[in-house]
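In the numbering used here, the protein residues as written are 37 to 449.
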């Protein structure tokens with residue numbers, strides 16, 4: 037018995053020593069600052085070279101009347117570890133998020149009440165948003181070379197209840213996407229890409245959501261990656277979270293561009309094939325294209341599996357409208373979804389933003405008895421087919437092989 041107790045004590049001591057060693061190693065790790073050496077053209081991610089590096093500048097911003105104890109290393113971790121890992125997985129290793137965090141916290145010249153905004157997008161006072169962006173850019177103007185960065189994020193030492201919103205994209209976003217004057221400092225430096233603002237409380241899904249607006253960019257005077265929740269519903273009165281969930285009528289909890297996150301205590305789900313295509317994160321060779329009214333059979337792999345031969349099916353209807361089919365399984369970040377199975381979406385590229393009940397992409401709901409599109413996935417044995425008689429399209433789930441689905445597309449008649 038004594039020997040058993042002695043062995044247990046030794047094991048506890050070893051665990052304690054290992055914990056102390058981890059803390060010491062962590063504390064010794066270098067963290068980026070605006071004076072750090074520039075990154076190479078390719079950055080390593082998950083053991084391989086990352087072809088595209090999106091380099092961000094994170095500006096630490098605090099307010100004279102708001103106390104916080106946030107260390108700059110926390111911002112480093114949120115953006116260049118957590119967000120980077122998420123983006124690498126979503127892009128199948130194509131894109132990395134790297135960059136710098138400012139050496140210090142820049143104190144804004146006004147109390148936070150003069151920057152505070154509404155939590156509802158359509159009610160945001162744009163002059164206050166402009167004020168915060170210009171004050172933050174003025175503060176760092178002499179200390180940084182903005183030409184080195186793909187995007188800028190203002191990371192506030194303030195809470196949601198202090199500022200009014202937990203995260204947003206200023207440009208391309210709340211301040212539009214046609215006038216870039218807001219992205220210019222007093223000395224004439226120009227912010228490349230765009231600028232986002234976050235409370236230090238922001239969820240990883242929120243960090244991605246608003247940085248992704250910037251990564252998607254603007255083409256033909258339209259944001260390539262808009263919010264996928266309904267702005268008009270999000271502006272209705274009521275408790276913030278409940279009102280927001282009632283606004284995710286287009287894509288539900290199946291894409292952080294719609295929901296930000298499914299549950300606060302877990303990471304965000306993966307993004308949809310529609311979002312990946314807008315970001316050019318799916319190789320065109322992995323998209324099976326079938327015209328409406330024609331036949332085709334496809335083995336559709338999980339969207340999170342980069343080794344799958346086919347990741348999406350596109351059924352073209354007109355020049356701007358089409359169906360997208362994807363397979364969502366509990367793999368990678370998709371373990372954080374409300375369910376799994378095959379999602380069918382109707383997309384319309386002529387729609388720019390989610391206003392007045394319209395959206396550039398909408399889920400077709402397999403089970404409308406489940407609220408908030410949580411039962412939207414089709415599956416073998418339950419809701420295994422979908423028919424659109426108007427567009428002469430029939431979609432059938434024929435078989436499930438491992439995590440892949442054999443899907444047949446055919447004319448309705």
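Where is the CB? At the ideal position from N, CA and C, for every residue including glycine.
| task | Express the C-alpha separation of residue 305 and residue 279 in angstroms, rounding to a whole number. | result | Approximately 20 angstroms, taken between the alpha carbons.
| request: Could you work out which residue in 117, 151 and 398 is closest to residue 196 when comparing CA atoms only? | output: When C-alpha distances from residue 196 are compared across 117, 151 and 398, the shortest belongs to 151.
| message | Let me confirm a value: residue 266 is counted as buried when at least 16 other C-beta atoms fall within 10 Å, else exposed. Which label applies? | response | It counts as buried.
| Stretch pair the stretch 254-266 + the stretch 385-400: three plus CB contacts closer than 8 angstroms | Yes, they touch.
| Whose C-beta lies closer than 8 angstroms to the C-beta of residue 144 among residues of the same chain, with five residues either side of it excluded? | Excluding positions up to five away in sequence, the list reads 97, 98, 99, 100, 151, 168, 171, 172 and 175.
| said: Do residue 405 and residue 362 have their beta-carbon atoms positioned less than 8 angstroms apart in this structure? | reply: Contact: no.
| request: Find out if the Cβ-Cβ distance for the pair residue 379, residue 412 is shorter than 8 angstroms. | output: It is a contact, given that the beta carbons lie within the stated cut-off.
| Going by DSSP, what residues sit across from residue 192 in a beta bridge? | Residue 192 pairs with 97 and 235.
| said: Between which two residues does the alpha helix (DSSP H) holding residue 387 run? | reply: Unbroken run through residue 387: none, as it is neither H nor E.
| Coil, strand or helix - residue 311 by DSSP | Here residue 311 carries a helix assignment [DSSP, helix/strand/coil].
| query | Does the Cβ of residue 135 have 16 or more other Cβ atoms within 10 Å, making it buried, or fewer, making it exposed? | reply | With 16 or more other Cβ atoms within 10 Å, it is buried.
| query | Ordered along the chain, which non-local residues of its own chain (more than five positions away) have a Cβ less than 7 angstroms from that of residue 282? | reply | Cβ neighbours of residue 282 within its own chain (closer than 7 angstroms, five residues either side excluded): 269.
| request: Throw me the rounded Cβ distance for the residue 199 and residue 235 pair, which I believe falls under 8 angstroms. | output: The C-beta separation of residue 199 from residue 235 comes to about 6 angstroms, placing the pair in contact by the 8 angstroms criterion.
| message | I need the boundaries of the alpha helix (DSSP H) containing residue 166, first residue and last residue. | response | Going by DSSP, residue 166 is part of the alpha helix (DSSP H) stretching over 162-176.
| field | Whole-angstrom distance between residue 206 and residue 187, CA atom to CA atom | value | Near 11 angstroms, if we compare the C-alpha coordinates of residue 206 and residue 187.
| query | Is the CB-CB distance between residue 336 and residue 350 below 8 angstroms? | reply | No, these two residues do not count as a Cβ contact at 8 angstroms.
| request: For residue 324, write down the residues that DSSP places opposite it in a beta bridge. | output: DSSP, once it has assigned bridges, lists 349 as partnering residue 324.
| query | I think residue 296 touches residue 239, with their Cβ atoms under 8 angstroms apart; what is that distance to the nearest whole Å? | reply | Their Cβ separation, rounded to whole angstroms, is 6 angstroms, which keeps residue 296 and residue 239 in contact under 8 angstroms.
| said: The beta strand (DSSP E) that contains residue 359, what's its start and end? | reply: In this chain, the beta strand (DSSP E) harbouring residue 359 covers 357-364.
| Buried versus exposed call for residue 215 [16 or more other C-beta atoms within 10 Å across all chains shown] | Here residue 215 is exposed, its C-beta having fewer than 16 other C-beta atoms within 10 Å.
| Around the C-beta of residue 148, are 16 or more other C-beta atoms found within 10 angstroms, so that it is buried, or is it exposed? | Residue 148 comes out buried.
| So what does DSSP say about residue 90, is it helix, strand or coil? | Residue 90: strand per DSSP, three-state reduction.
| message | Less than 8 angstroms between the beta carbons of residue 427 and residue 353, yes or no? | response | Yes; because the gap between Cβ atoms is below 8 angstroms, this pair is in contact.
| 6 angstroms Cβ shell around residue 212 - same chain, five flanking residues per side excluded | There are no such residues.
| said: I want to check one thing, is the minimum distance from the CB of residue 157 to the heavy atoms of the ligand ATP below 7 angstroms? | reply: Among the components modelled here there is no ligand, and therefore nothing to report on the ligand ATP.
| field | Residue of 323, 183 and 333 minimising C-alpha distance to residue 441 | value | Selected option, being the one with the closest Cα: 333.
| task | Can you have a look at residue 72 and say buried or exposed, based on whether 16 or more other CB atoms are within 10 angstroms of its CB? | result | Note that residue 72 has pLDDT 30, beneath the 50 cutoff, so the model's placement of it is unreliable and the number below is only indicative. Taking a 10 Å sphere around the C-beta of residue 72, we find fewer than 16 other C-beta atoms and assign the residue as exposed.
| DSSP on residue 222, reduced to helix/strand/coil? | Three-state result, residue 222: coil.
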